[in-house]
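Residues in the sequence shown are numbered consecutively from 377, following the working numbering.
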Amino acid sequence: MLYCEYCKVKVAGLHKKCPLCHCNLSGESQDDLPQYPMIKSEISKVYFIFKLMKLAAISACVVSVLINYISYKQTMWSAFVIAGLACGWLLMTIGIKRKANLIKLLQWELYITCGLAALWDYFTGWHRWSIEFVLPCSCIACMVSIAILSAILKKQPSEYLIYLNLVNILGFVPIVFFMLGWLQIELPSAICVGCSFLFLTGIVLFKRHAAYGEIKKRLHV
Ligand SMILES: [Zn+2]
377 MLYCEYCKVK VAGLHKKCPL CHCNLSGESQ DDLPQYPMIK SEISKVYFIF KLMKLAAISA
437 CVVSVLINYI SYKQTMWSAF VIAGLACGWL LMTIGIKRKA NLIKLLQWEL YITCGLAALW
497 DYFTGWHRWS IEFVLPCSCI ACMVSIAILS AILKKQPSEY LIYLNLVNIL GFVPIVFFML
557 GWLQIELPSA ICVGCSFLFL TGIVLFKRHA AYGEIKKRLH V
């Protein structure tokens, strides 16, 4: 063990001078530990996989455009491949960036999924599958997931009620579509509105004060 005659202290690690008085040390270092801990410069595996996936997605885009160009028959189907990959990429990037708050992430993914589905539906002939199936099914899945996650993760009402309320509001939107006569298949929307009503009743019965306080806090009233 290294020793400083002036400070009367033992010094661990590999040192030439005393860290306190900068005088020469006596004795020999017994451990071969460096003065400062080594910082591993390993590249994060997740980051590397992310980059690989980026490369694979770009390659898929390039290949599809090439095949489309070589075998061109009046349809630009490669645009759909690129748009599909872009949608998947957007959902994945948001998932990775917002993974710290799972409940908030669920809510964001719900809005983006519904928005993208509506765009896809609109640009592929407006068959209304986005409002007949995607919106109600996603809303039900999101409400149930938030309820289960908040129970498993033992979240405080302030951490999930605002998101549950926002998803709940979206769950009542199929009523508007029904009134506009846009729905040919009504069952998923009816189940969604029913679930939203049940969740709203649950919030009013059990978490009324917390929900009201949270809304007041968020709206600065
Ligand atoms: Zn010293």
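Using N, Cα and C, we set each Cβ at its ideal position, and we do this for glycine too. This one's a predicted model, so the numbers in the text were calculated from it and none came from an experiment.
If the five residues before and after valine 438 are omitted, its C-beta is found closer than 6 Å to no C-beta atom of its own chain. It is roughly 19 Å from the alpha-carbon of glycine 464 to the alpha-carbon of tryptophan 505.
Three or more Cβ pairs closer than 8 Å define a contact, and the stretch 575–591 falls short of that threshold against the stretch 557–564.
Taking C-beta atoms as the reference points, glycine 547 and cysteine 568 count as a pair closer than 8 Å. The Cβ atoms of cysteine 518 and leucine 482 sit closer than 8 Å to each other.
When the beta-carbon positions are compared, leucine 542 and isoleucine 479 stay at least 8 Å from each other.
With contacts defined by Cβ atoms closer than 8 Å, glutamate 590 and serine 534 form a contacting pair. When only Cα atoms are considered, phenylalanine 426 and tyrosine 536 end up about 29 Å apart. Contact check for valine 510 against cysteine 490 passes: the beta carbons are separated by less than 8 Å.
Judged by beta-carbon spacing, leucine 428 lies beyond the 8 Å limit of serine 405, meaning their Cβ atoms are not closer than that value.
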